[in-house]
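Numbering (numbering that gives the first Met the number 0), first residue to last: 0 to 446. For glycine and all other residues, C-beta sits at the position ideal for the given N, C-alpha and C.
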Amino acid sequence: MRKTLLTVAALVLLGAGAYGYYRYSQKPVAPTITTARVTRGDLAETVGATGALQAVTTVQVGTQVSGTIQELNADFNSLVRKGQVLARLDPSLIQSQIEQARANLIRAEADLERLRVALDDSRTKLARARELSAKKLIAQTELEAAEVAVHSAEAQLRSQEAGVTQSQASLRQNQVNLAYTVIESPIDGLVISRNVDVGQTVAASMSAPTLFVLAADLTKMQVLASLDESDVGRIRPGQAVRFRVDAFPGEEFMGSVTQVRLQPMTVQNVVTYQTVIDVPNPGLKLKPGMTANVNIEIARRANILRVPNGALRFRPSAETFAALGQTPPAPTPATLRRAVATAPPSPERATGATTFDALFGPLTQTESFGQGWVNTGGKLQRVRLRLGITDGQQTELIQVLDGELSEGTEVVTNVMTGAVRQTTTPAGATLPGLGGGRQGFGGGGGG
């Protein structure tokens, strides 16, 4: 037993010594520094949104009278002119109402003529009664009865005149209703919707039913984009817009902001505002109802220096400096952002403004301060920067505050150090969350 224990102890000591010799005899893996280049070019800061295309002018054509569709002269996608007959309703019922109203008018006019004759007769009798009363040939009561008869005839005549006017109005109303059985196009345009068929009965009781929907001109369209409340403060009329539609994934369309509507829309506690974007459509590729993925251009810079955002997010840790054999530099103040508010409406603009959007002036540039790192002989050197707009991938470099940075300079985006972890996966694939590689220190954080 004692020999066995001594043998096991000797083997353990021998293995530990071999492992220690192997461990300390291996040279440390040199850190891998990943860089990206500072470039020069154009940069645009945008706000993304989604919306739907629609015609600028859309007219719903309805009917003001009830009836049965007797004739249809337009269908989907039909080009129509102003005044063109789109449909006709069965006029037989209204024609019978016109005949009845005309007969009522004739009867009322006849009664009016009869009352005029009766009034003339009453006035004649009154004149005779006054002559006889002056000669004391009739009693005073007979004279008074003749005067009452004249007044009564005049009242009946006025009442019948009102009845004649009412009959004329009823006849004209039925004639107008007969004209309404012919549905005409109010504009030059295109039929984008037809909601009825021949033989269908439409009832115009409380509201006019819609028979057709016309688009005035599809060469000019609009996008109604739902803009998040966090972005609406940076939107101004006239800003350029680029958008894509699923029907033409490889093509980009242009437009411009014309209005930000003030009525909020709340869906699941998310507040959005409708932004109206005018879009030219000369090729008629864009169709009403298409979904547009919109990018509203807030600011644009041409021929500027651009720093990759990954380099601005890179923050080396103590382990990174230790792996590089470098002493960590003194910390710098936290990144500052200079928020420049838009100027308030001036009295001159407020006085002459006709829309709410006209009260606000152009946006003022917002600047920020950040830092980057460059690889100088295997050592990290900090560069403090004054930054401008960003497109999410790159940021405008306005000024280098400390250090040197120019076009073509490589800036550090990540430093990886440590041993490579070996993984075994089928067919060389990488398992989710267990990808091979070196352990990174000081990598960039989330956007």
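Comparing C-alpha distances from Arg-235 to each of Gly-360, Gln-165, Asp-119 and Leu-311 shows the shortest one belongs to Gly-360.
By the criterion of a C-beta distance shorter than 7 Å, Gly-61 is surrounded in its chain by Ala-207, Pro-208, Thr-209 and Leu-210, once the five residues flanking it on both sides are discounted. Put simply, of Met-415, Met-253, Pro-287 and Val-411 the residue whose alpha carbon is nearest the alpha carbon of Asn-308 is Val-411. The beta carbon of Ala-148 is closer than 6 Å to those of Ser-121 in its chain, skipping five residues each way along the sequence. Val-306 is a Cβ neighbour of Thr-394, given a cutoff of 7 Å. Rounded to whole angstroms, the Cβ separation of Met-264 and Gln-273 is 7 Å, and the two are in contact under 8 Å. For Ser-91, the number of other beta carbons within 10 angstroms of its own is below 16, and it is reported as exposed. Under the DSSP definition of a beta bridge, Asp-227 partners with Thr-271. Annotation for Asn-176: Val-64 and Ile-93 place their beta carbon closer than 7 Å to its own, counting only its chain and skipping 5 residues before and after. With respect to the 7 Å criterion, Val-190 and Ser-95 are not classified as neighbours on the basis of their beta carbons. About 5 Å separates the beta carbon of Asp-41 from that of Ala-301, a gap short enough to meet the 8 Å contact definition. With fewer than 16 other beta carbons inside 10 angstroms of its own, Val-197 counts as exposed. With distances taken between CA atoms, Ser-229 lies nearest to Val-269 out of Val-269, Val-240 and Ser-192. Within the same chain, Cβ atoms closer than 7 Å to the Cβ of Asn-292 are found at Thr-49, Phe-242 and Arg-243, the five residues on either side in sequence being excluded.
Distances from the alpha-carbon of Thr-34 to those of Asp-390, Val-373, Leu-170 and Arg-260 put Val-373 closest. Distance from the CA atom of Leu-104 to the CA atom of Gln-172, rounded to whole angstroms, is 13 Å. When the five nearest sequence neighbours on each side are left out, the beta carbons in the same chain lying within less than 8 Å of the beta carbon of Glu-296 are those of Ala-43, Glu-44, Thr-45, Gln-238, Ala-239, Val-240 and Arg-241, in order along the chain.
DSSP, read as helix, strand or coil, puts Val-201 in strand. Here Ala-168 is exposed: its Cβ has fewer than 16 other Cβ atoms, across all protein chains shown, within 10 Å. Taking C-beta atoms under 8 Å as the contact rule, Leu-384 and Gly-369 qualify, at a distance of about 5 Å. The beta carbon of Ala-107 is closer than 6 Å to those of Gly-162, Val-163 and Ser-166 in its chain, skipping five residues each way along the sequence.
For Thr-164, the enclosing alpha helix (DSSP H) covers residues 139–179. Out of Gly-254, Leu-379 and Val-266, the CA that lies nearest to the CA of Arg-314 is found in Leu-379. In this structure, Leu-156 sits away from Gly-188, with a CB-CB distance that is not shorter than 7 Å. Put simply, the backbone Cα of Leu-10 is about 10 Å away from that of Leu-4. Scanning its chain for C-beta atoms nearer than 6 Å, with the 5 sequence neighbours on each side dropped, one finds around Ala-202 the residues Ser-65, in chain order.
Our two residues, Val-382 and Gln-325, have alpha carbons roughly 16 Å apart in a direct line.
Collapsing the DSSP output to three states places Ile-105 in a helix.
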